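Each remark here refers to the structure printed beneath this line.
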Amino acid sequence: MAESGYCLSALLSICFLMNIICSAYSTEFVPVFMWESLSKSHPIKEVPALATVSADDFKHILMEKLERKPVVVIFAEENLSVEDFTWQNEAGQSAFPNLENISAVADGLTYLPFVHAPLRAFHHHLPLHQQDWHHLKLGRSGFSKDAVALNETLFFVHLDDATGDEDRLDLLKRHDAVISQMFSMLAEHHRDVLAVYTAHHSSWSDDETLTRRVRNLLATDLALGDRSGYGNNDTLLYAPTMILTVEQEESITLANGTVEGNEDLVISFPDNITVTFSFENTDSPGYWSLRSVIVTVDDKTYAIDDVKVGAPLEFSYHCSQGVILDGRNMTLNINSGFQIQPYADGRRFGAAYDCVYFFTVPIWSGIFVCVIFSIIMIFGLGMIMDIKSMDSFDDPKGKTITITASE
């Protein structure tokens, strides 16, 4: 009797465990982002953006994309979720700037937010014609072009190099740069390339993770391959767009610059343009300031000395509204998201000292309106309390006048 009871308990435990495993397996949906370097020759059935895609449905989508036998490269994260794609910072920038640029020009773009076991479909239907997968494991320093066998046709890039001292946002930005680098190399060597970005498992974000992302929003590393970031051994600069106007001529957008100098940040741009940022410690102890910005165009020098940019030491200066630096016969306009810090430790910005102060024009306007309404309300209450009852005809020594309900 006891043995049968133990067997029944063991059977129930096994069934309960299998139910948990099956439930977890059935709800494991991960996003899939696919794009091609060559226009597709036939239409592909549209899939609702918010619908879950089963393994069978994804198999049909995959088989249509594999009809031309393209070169396939899979970038597999350990964990990925829809929140990773939709996250943006205060400047409206996501964790995947390079993927956004690719999606703007790529062909055959397909984004499926909820797909069940997508990697299983690739392993089941590939390799073809006895071609094996060429596995690449990413390190902290990335991989060079020589390490990639470009003659292969099936690539599987393992993006499982996360460490405990790296934030989720920094990890995704670093992987975004690696994906762009790898796809560009394959697109130069092969005519038809199918790239897939997905994951083994779904990740989730709790309130603590989201709070940490917001807190570290303006204290992040300059991502590998980020063309908006410049830095040397001591100084970091992030400028999404710099527009230079010299002597009322046509404006020039400064991009693709190279960094020089150690103490001062010297950035050399094409068309023989150089921008130098010089810093100094202010008279107030514990603060730094941007002393001047010197722009050289075709051996002509333009200086901006009145620069009101500064912050405490170990802090970065950030301005989400953009910065306009005016000099004699020259204007340098840096759009929203400008951030700069001298005397930086490594490639990480310190906590941000924002250009938008606490009492801004909208705040002062709100305070002014509240004060006006408060004065009106206080005046009205005072007038109401000063109203006197009309008791001049009452006789204090006479009988009190009473009115019954019947009257």
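Going letter by letter, the sequence shown gives residues -26 to -1, 1 to 381 in mature numbering (1 follows the signal peptide of the UniProt record, and there is no 0). All residues carry an ideal CB built from backbone N, CA and C; glycine is no exception. Here the structure is a predicted model, which means the values were calculated and not measured.
| Check | Outcome |
| --- | --- |
| Environment of PRO5 [buried if 16+ CB atoms lie within 10 Å] | buried |
| SER176 - DSSP class collapsed to helix/strand/coil | strand |
| Beta-ladder partner(s) of ARG302, from DSSP | ARG302 is not bridged to any residue. |
| Local conformation of ARG265 per DSSP, three classes | strand |
| Host alpha helix (DSSP H) of LYS33 (start-end) | 29 to 39 |
| Supposed close pair VAL170, VAL89 - CB separation, criterion 8 Å | Incorrect: roughly 11 Å between the Cβ atoms, too far for contact. |
| Separation of LYS33 from ASP238, as counted between CA atoms | 56 Å |
| Coil, strand or helix - CYS344 by DSSP | helix |
| Beta strand (DSSP E) segment containing ASN207, residue limits | Run containing ASN207: none; DSSP gives neither H nor E here. |
| Whole-angstrom C-beta distance between HIS132 and LEU110, which should lie under 8 Å | 7 Å |
| Contacts around GLU10, its chain only, beta-carbon distance under 6 Å, and the 5 residues preceding and following it disregarded | ASP81, GLY82, LEU168 |
| Classification of TRP338 by the beta-carbon crowding that lies within 10 angstroms, buried from 16 upward | exposed |
| For ASN246, three-class secondary structure by DSSP | coil |
| ALA281 vs LEU306 beta-carbon contact at 7 Å | Correcting the residue type first, residue 281 is Val in the shown sequence and not Ala. No. |
| Cross-strand partners of ALA277 (DSSP beta bridge) | ILE268 |
| Local conformation of SER380 per DSSP, three classes | coil |
| Member of VAL152, PHE289, LEU228 whose CA lies at the smallest distance from the CA of ASN72 | VAL152 |
| Through-space distance from ARG148 to TRP61, alpha-carbon basis | 16 Å |
| Residues near ASN303 in its chain [Cβ-Cβ closer than 6 Å; skip 5 each side] | GLU221 |
| VAL271 vs ILE247 beta-carbon contact at 7 Å | yes |
| Cα-Cα separation, ALA285 to GLY205 | 18 Å |
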